[in-house]
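Note sheet for the following structure.
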Amino acid sequence: MQDQISSTLDFEYKYGFRMPQNYTFKSKKGLNEEVVKNISLIKREPAWMTKFRLKSYQIFKKKSLPSWGADLSSINFDDIYYYIKPVERQVSSWQDLPKEIKETYDRIGVPEAEKKFLAGVSAQYESEVVYESINRELKKMGVIFCDMDTGLKLYPQIVNKYFASLIPPTDNKFAALNSSVWSGGSFVYVPKGVKVKMPLQAYFRINSERFGQFERTLIIAEEGSYVHYIEGCTAPIYTTNSLHAAVVEIFVHKNARVRYTTVQNWSNNVYNLVTKRARADENSVMEWIDCNIGSKVTMKYPSVYLYGERARGEVLSIAYAGHGQHQDAGAKMLHFAPNTSSRIISKSISIAGGRTSYRGLIQIMPKAKKSSVFVSCDALILDEKSRSDTYPYMKIKENDVTVQHEATVEKIGEEKLFYLTSKGISKSDAESLLVNGFIEPVTKEIPLEYSIELNRLINLEMSGSVG
Amino acid sequence: MLQLKTISVSINKKLILKNLSYHFKKGKVYAIMGPNGSGKSTLAYAIAGHPNYKLEVGSLKFEGSDVTNLSPDKRAKRGIFLSFQTPHSLAGVNVFQLLRIALLGKEDPLTVKQKIEKIAKKLEIKKDLIERSLNVGTSGGEKKKLELLQAAVLDPKLLIFDEIDTGVDIDALRTIAKFMSENRYGKTYLLITHYNRILHYIKPDRVLVLMAGKLVKEGNAKLAVEIEKKGYKRVVSS
Numbered sequence: 001m002q003d004q005i006s007s008t009l010d011f012e013y014k015y016g017f018r019m020p021q022n023y024t025f026k027s028k029k030g031l032n033e034e035v036v037k038n039i040s041l042i043k044r045e046p047a048w049m050t051k052f053r054l055k056s057y058q059i060f061k062k063k064s065l066p067s068w069g070a071d072l073s074s075i076n077f078d079d080i081y082y083y084i085k086p087v088e089r090q091v092s093s094w095q096d097l098p099k100e101i102k103e104t105y106d107r108i109g110v111p112e113a114e115k116k117f118l119a120g121v122s123a124q125y126e127s128e129v130v131y132e133s134i135n136r137e138l139k140k141m142g143v144i145f146c147d148m149d150t151g152l153k154l155y156p157q158i159v160n161k162y163f164a165s166l167i168p169p170t171d172n173k174f175a176a177l178n179s180s181v182w183s184g185g186s187f188v189y190v191p192k193g194v195k196v197k198m199p200l201q202a203y204f205r206i207n208s209e210r211f212g213q214f215e216r217t218l219i220i221a222e223e224g225s226y227v228h229y230i231e232g233c234t235a236p237i238y239t240t241n242s243l244h245a246a247v248v249e250i251f252v253h254k255n256a257r258v259r260y261t262t263v264q265n266w267s268n269n270v271y272n273l274v275t276k277r278a279r280a281d282e283n284s285v286m287e288w289i290d291c292n293i294g295s296k297v298t299m300k301y302p303s304v305y306l307y308g309e310r311a312r313g314e315v316l317s318i319a320y321a322g323h324g325q326h327q328d329a330g331a332k333m334l335h336f337a338p339n340t341s342s343r344i345i346s347k348s349i350s351i352a353g354g355r356t357s358y359r360g361l362i363q364i365m366p367k368a369k370k371s372s373v374f375v376s377c378d379a380l381i382l383d384e385k386s387r388s389d390t391y392p393y394m395k396i397k398e399n400d401v402t403v404q405h406e407a408t409v410e411k412i413g414e415e416k417l418f419y420l421t422s423k424g425i426s427k428s429d430a431e432s433l434l435v436n437g438f439i440e441p442v443t444k445e446i447p448l449e450y451s452i453e454l455n456r457l458i459n460l461e462m463s464g465s466v467g
Numbered sequence: 468m469l470q471l472k473t474i475s476v477s478i479n480k481k482l483i484l485k486n487l488s489y490h491f492k493k494g495k496v497y498a499i500m501g502p503n504g505s506g507k508s509t510l511a512y513a514i515a516g517h518p519n520y521k522l523e524v525g526s527l528k529f530e531g532s533d534v535t536n537l538s539p540d541k542r543a544k545r546g547i548f549l550s551f552q553t554p555h556s557l558a559g560v561n562v563f564q565l566l567r568i569a570l571l572g573k574e575d576p577l578t579v580k581q582k583i584e585k586i587a588k589k590l591e592i593k594k595d596l597i598e599r600s601l602n603v604g605t606s607g608g609e610k611k612k613l614e615l616l617q618a619a620v621l622d623p624k625l626l627i628f629d630e631i632d633t634g635v636d637i638d639a640l641r642t643i644a645k646f647m648s649e650n651r652y653g654k655t656y657l658l659i660t661h662y663n664r665i666l667h668y669i670k671p672d673r674v675l676v677l678m679a680g681k682l683v684k685e686g687n688a689k690l691a692v693e694i695e696k697k698g699y700k701r702v703v704s705s
């Protein structure tokens, strides 16, 4: 039964394989106070964190599901495993991982990528980070890159100062859920003036059925520093649903720059409901590059709170929705200070009955004078069965600002396809070429290795969808 | 080389070409002329295999085999090339990407690149136009030159030029026509045009006149000169 690919999916999902489960600990199905306490106990957390988790659990119970966005009604919170500890301890050499876990990452290609162009790698399997490494030079310079649990143990002051200060558990139901059962994720700290030249990568893998992954990431870039963080994710194909509800908080201090790239490729049975937010101080730059290819449902709106003067926020995103998928994605830019600027470029593709929604919020506070906003969202619809919607919200409380909004909806026209096919290109290659061309403004911002992978993924999905 | 056997072509159920028969011979240059709406472009699209240009009756034979039911890409692979009257703009796709995929398995990307650069030089196409999105923000003349560039790299047997001379300034026309005439290498040309001016550079072996979807007159190069002097109506009715 291993490696079996569900027949309900008509394309080849390369990462749909599953591995045997020889786990150290698996919590009982469903969620209650005991489960929450147990997670904290196993992790030997300080009392304040246990309290925080329990309080968050109460908030989660009280909060209702969002009344807008994608359909979440079939999530059964009682039918999910909330915590799985795959191994006794974390390793820093791939060889030391259990065979089936090592094989998983080999097949995804993480160790290979690490050798070639990464400054650090963190690999999360189910609830825990099982592998971690960081370039020695960076370590010497004071850069911290570890899992969130280790971060809490070793750097309690920093964690205490920032944790949940940007995304409190009261923010939304899934932030509350994450706050109560969080496990794993990355803790990144870049000291003043340090520029991390090569990217740090975190890789998230779900292996079990009916599992919930709730990683928690905190990135702090001190004054004048730079870091590029990349995350990737995959899961096996099951007929039951899994849940991924992460929380990511980023603090970009004065003159610093953080780039956060996501290549989300969950299998089509995963609900991907993620809260991502960054605070940008004076003259800093925060860039989200958000590519959502997989999952059953995604609701994700990376945000930048532009707190400091001249801070700049960017969201470049790609959403691809095929059969049975709904990508409800977008961005939020909140301008609190004068001379702040933001740019959102969203490209969505829907095919074979898939649905994409762009949902964005631009908010300019009073006194955020001379701020500028540029929003461009383009949707490409490949057939009659597919759908795309745009929900842009603007709350502008200051007059002295520049706001530009462009939106286009395009269907791949028969004329363009004929133009290409008449030059000797097959119809499916012509469609891929046009789709890759359509997302090129975003893919050109991504490291080459990832943009190639992204184009390959989309081509693969498309060849299955139209074939 | 290309045989049209009593073809009738419709678009959206409207009949455009009516019972057209003709045998285009290998290595010859044909000028296809006619007033607006006479069916010249329809003929080009029908030969190239546009899915919306429905062949109601008749058949197309190319180099001895029936291509009537072949998709446009398969016709192109056999050696039919259409240079568009209004080439489409392709955001995020440059001419190298297009040709690399069109020649996949036939020529390696490096060779394709070298060919493009060499031909671009001959056609006086600026380097950035090759790297930029195809036909986005390019002038009429540049678009037509890029069509010609594609033709030269793809190396087809039959080339249909749908009004390569319109929207082109006189200098660009000279470059285009000169290139077409110097790089013909015995290929078959179908030149769809309103004017005689390109025919000063490339002398047609035969001139065909289409009116209201029918082939109404045929002659040698002199016919084009006559049309220019007298206009279609007088020439056809004489």
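Heads up: the protein sequence lines correspond to chains A and B, in order. Numbered according to my numbering, the first sequence spans residues 1 to 467. Numbered according to my numbering, the second sequence spans residues 468 to 705. From the three backbone atoms N, C-alpha and C, an ideal C-beta is built for every residue, glycine too.
In the DSSP assignment, Glu406 (chain A) falls within the beta strand (DSSP E) that extends over Val401 to Lys411.
Taking CB atoms only, Ser371 (chain A) has no neighbour in chain B less than 8 Å away. Around the C-beta of Leu417 (chain A), 16 or more other C-beta atoms lie within 10 Å, and the residue is accordingly described as buried. The residues Tyr260, Pro302 and Val315, in chain order, have a CB closer than 6 Å to that of Trp288 (chain A) in the same chain once the five nearest residues on each side in sequence are set aside. Here the C-alpha atom of Phe646 (chain B) lies approximately 33 Å from the C-alpha atom of Leu522 (chain B).
For chain B, the residues of the stretch 416-428 of chain A that bring a beta carbon within less than 8 Å of one of its beta carbons are Lys416, Phe418, Tyr419, Leu420, Thr421, Ser422, Lys423, Gly424, Ile425, Ser426 and Lys427, in chain order. For Ala278 (chain A), the enclosing beta strand (DSSP E) begins and ends at Val270 to Ala280.
Uninterrupted alpha helix (DSSP H) stretches at least 4 residues long and entirely within the stretch 626-684 of chain B occur at 637-649, given in chain order. Asn519 (chain B) has a beta carbon lying within less than 8 Å of a beta carbon in chain A.
For Leu118 (chain A), the secondary structure class from DSSP, reduced to helix, strand or coil, is coil. Its chain contains Ser600 as the residues whose beta carbon lies nearer than 7 Å to that of Gly559 (chain B), once the 5 sequence neighbours on both sides are disregarded; these appear in chain order.
When DSSP states are grouped into helix, strand and coil, Gly151 (chain A) belongs to the helix group. Taking 8 Å as the cut-off, the beta carbon of Arg355 (chain A) is found closer than this to the beta carbon of Ser386 (chain A).
Under the three-state reduction of DSSP, Thr239 (chain A) is assigned to coil, being neither helix nor strand.
Counting along the chain, Trp288 (chain A) sits inside the beta strand (DSSP E) bounded by residues Val285 to Asn292. Ile631 (chain B) is positioned such that its CB atom lies closer than 8 Å to that of Ile643 (chain B).
For Ala513 (chain B), there is no enclosing beta strand (DSSP E); the enclosing alpha helix (DSSP H) has its first and last residue at Lys507 to Ala515. Between the alpha carbons of Ile659 (chain B) and Glu414 (chain A) lies a distance of about 23 Å. The alpha-carbon separation between Glu114 (chain A) and Asp400 (chain A) amounts to approximately 47 Å. Separation of the CB atoms of Asn283 (chain A) and Gly308 (chain A) is rounded to 7 Å, and the pair is thereby assigned contact status at 8 Å. The Cβ-Cβ distance between Gly546 (chain B) and Leu625 (chain B) falls below 8 Å. Inclusion of Ala176 (chain A) and Thr217 (chain A) in the CB contact set at 8 Å is not warranted, their separation being larger than that value. In this structure, Lys612 (chain B) sits away from Val496 (chain B), with a CB-CB distance that is not shorter than 8 Å. Collapsing the DSSP output to three states places Phe563 (chain B) in a helix.
In terms of Cβ geometry, Glu222 (chain A) and Val190 (chain A) form a close pair [threshold 8 Å]. Within the same chain, Cβ atoms closer than 8 Å to the Cβ of Gln201 (chain A) are found at Val110, Ala113, Glu114, Leu118, Gly120, Val121, Ser122, Tyr229, Ile230, Glu231 and Gly232, the five residues on either side in sequence being excluded. Taking the Cα of Pro554 (chain B) as reference, the smallest distance to any Cα among B:Thr633, B:Gly653, B:His490 and B:Val524 is reached at B:Thr633.
Residues of the stretch 435-450 of chain A with a C-beta less than 8 Å from any C-beta of chain B: Asn436, Gly437, Phe438, Ile439, Glu440 and Pro441, listed in chain order. CA-CA distance, Ala679 (chain B) to Leu690 (chain B), rounds to 19 Å. Cβ atoms of Asp290 (chain A) and Ala311 (chain A) stay farther apart than 8 Å, at about 19 Å. In chain A, no part has a C-beta under 7 Å from the C-beta of Lys645 (chain B); the shortest such distance is about 23 Å. Around the beta-carbon of Ile637 (chain B), fewer than 16 other beta-carbon atoms lie within 10 Å, marking it exposed. Of all C-beta pairs linking the stretch 80-88 of chain A to the stretch 20-29 of chain A, three or more are shorter than 8 Å, placing the two stretches in contact. If you ignore the 5 residues before and after Lys26 (chain A), its C-beta comes within less than 7 Å of the C-beta of Tyr81 and Ile84, all in its own chain and listed in chain order. Tyr238 (chain A) and Glu215 (chain A) do not touch by the CB rule: their CB atoms are close to 20 Å apart, not below 8 Å.
Short of 7 Å from the beta carbon of Arg673 (chain B), and not among the five residues preceding or following it, lie these beta carbons of its own chain, in chain order: Lys495, Tyr497, Glu685 and Asn687.
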